[in-house]
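Here is the structure we will look at, set down as structure tokens.
Numbering (my numbering), first residue to last: 784 to 1234.
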């Protein structure tokens, strides 16, 4: 039976890397590096766990779960499957990821070339987002090989630019590594772990998993075991690429302390390139990042428009593309720094759910697929993660604060971990006492797999 060649696996792996590599992947590692300073490597290790490891596991989990996010989430409950799938698409779509491509384009492709007077005005951002999302909408209405070709050219070009930047910064250091700040002083690993949420890649992986398995099937791989292993190999290649890029950008951020504190990673990276290569380097980086962000935004608008138009009665693809583009343009005008600040509480609430869903799915056969295990783990996680999200947004429930403060690992940002394990164990006990639920669960998964 046919197997993928090494070249074919690398091709699929690079395709997956291109899907993941977007605006957030460029801006968060430099910001982490600058803030972590001398603790950059331990912080980067935590960042890589959530920014690289979880997307890798996400692709594999969705592949093992039937290649469909709704099928995987359906192991918890049909209502949860619908709600969680919508939340994931809204997060990687109009609420966070799509607007972020526009703001990063402005920060790195427009802002560096404005006069000091214009930099303080909101007009350039407004004009940029109008033009940017109008172009996004036009391309999304005519999805063709144009965007694919841009992606195939730009991803290698951007990697080359990052590589040149990194090795130049090694040969000619931007400056000394600064001291760690904030939580990076005493909990660098866990701070980096939580910062990895901001890439949104673990959520995106639950959507991209089906794309990878489909790409492998198109190459003639039908055997389930070989399909799974080919998907895993491609995901590993993408993960290695992401990890190397993050380490390079994190190092540049750590050595940028002498350039002054910046509001976000886009400004840090732009300042570093200007220092290393002058105006020409800023122009090249800005142009490459702008086109890369445009490719990502077109892909996300296309995917989200298809998803919502198939599930919302009376909503056509064109209508959803208009709504997503206009809404994303409006959200983008809050600015990159504010957009990141708004997204943190939301991600604190939903990211742990995605993590637990992925991890539990790997033990699916071991606990006989009892839905009670998924439900116990998800419910316990949701209680803590929702409270964390509210607290991050400045909404604290005083009566529960003492309990949360005594919860193991809560101060490190992963207080949901032990409750999730406890909930899964209780679910396993409950499922073991009611084995007839297993048959019902299998029927449910077959139905969801057809959605």
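Cβ atoms here follow ideal geometry from the backbone N, Cα and C, with glycine treated the same way.
Here the structure is a predicted model, which means the values were calculated and not measured.
Segment limits, alpha helix (DSSP H) that includes residue i
i	result
residue 1174	1154-1175
residue 838	837-847
residue 1051	1048-1060
residue 830	823-831
residue 978	971-978
residue 958	Element bounds for residue 958: n/a, residue is neither H nor E.
residue 1144	1119-1144
residue 921	906-924
residue 899	899-902
residue 834	Residue 834 -> no alpha helix (DSSP H), and no H or E assigned at all.
residue 786	Element bounds for residue 786: n/a, residue is neither H nor E.
residue 1178	No alpha helix (DSSP H) holds residue 1178; DSSP gives it neither H nor E.
Residue i in three-state terms, based on DSSP
i	result
residue 943	helix
residue 1197	coil
residue 893	coil
residue 879	coil
residue 1089	helix
residue 1234	With a pLDDT of only 49 at residue 1234, under 50, the local geometry of the prediction cannot be trusted, and the value read off the model is given with reservation. Looking at residue 1234 - three-state DSSP - the assignment turns out to be coil, as it is neither helix nor strand.
residue 1009	helix
residue 1045	coil
residue 808	helix
residue 1002	coil
residue 1096	coil
residue 1030	helix
residue 1217	coil
residue 1018	helix
C-beta contact flag for residue i and residue j at 7 Å
i	j	result
residue 810	residue 1003	no
residue 1075	residue 963	no
residue 1083	residue 881	yes
residue 976	residue 816	no
residue 1111	residue 916	yes
residue 1200	residue 1190	no
residue 1206	residue 1160	yes
residue 971	residue 825	yes
residue 923	residue 1081	yes
residue 1072	residue 827	no
residue 838	residue 1017	no
residue 1131	residue 1164	no
residue 780	residue 895	Residue 780 lies beyond the residue range present for the chain, which begins at 784 and ends at 1234; the question has no answer from this structure.
residue 1157	residue 859	yes
residue 1086	residue 1092	no
residue 870	residue 1178	no
residue 846	residue 992	yes
residue 1265	residue 1150	Residue 1265 is absent from the structure shown; the chain starts at 784 and stops at 1234.
residue 1045	residue 958	no
residue 960	residue 786	no
Outcome for residue i when other beta-carbon atoms lying within 10 angstroms are tallied against a minimum of 16
i	result
residue 796	buried
residue 1280	No answer is possible for residue 1280: the residues shown for the chain start at 784 and end at 1234.
residue 1203	buried
residue 790	exposed
residue 1047	buried
residue 1145	exposed
residue 954	exposed
residue 1039	buried
residue 1135	buried
residue 1005	exposed
residue 1126	buried
residue 802	buried
residue 1095	exposed
residue 966	buried
residue 1198	buried
Heavy atom of the ligand ATP within 6 Å of residue i beta-carbon
i	result
residue 997	As far as ligands go, the structure on display features none, and thus does not contain the ligand ATP.
Is it true that the segment 1049-1065 meets the segment 1021-1038, where meeting means three or more beta-carbon pairs spaced less than 8 Å apart?
-> yes
Is it true that the segment 1005-1018 meets the segment 987-997, where meeting means three or more beta-carbon pairs spaced less than 8 Å apart?
-> yes
Contact the segment 1132-1151 vs the segment 1180-1195: 3+ CB pairs below 8 Å | no
Is it true that the segment 1015-1031 meets the segment 861-879, where meeting means three or more beta-carbon pairs spaced less than 8 Å apart?
-> no
Examine the Cβ distances between the segment 976-986 and the segment 830-847 and report whether three or more of them are shorter than 8 Å.
-> yes
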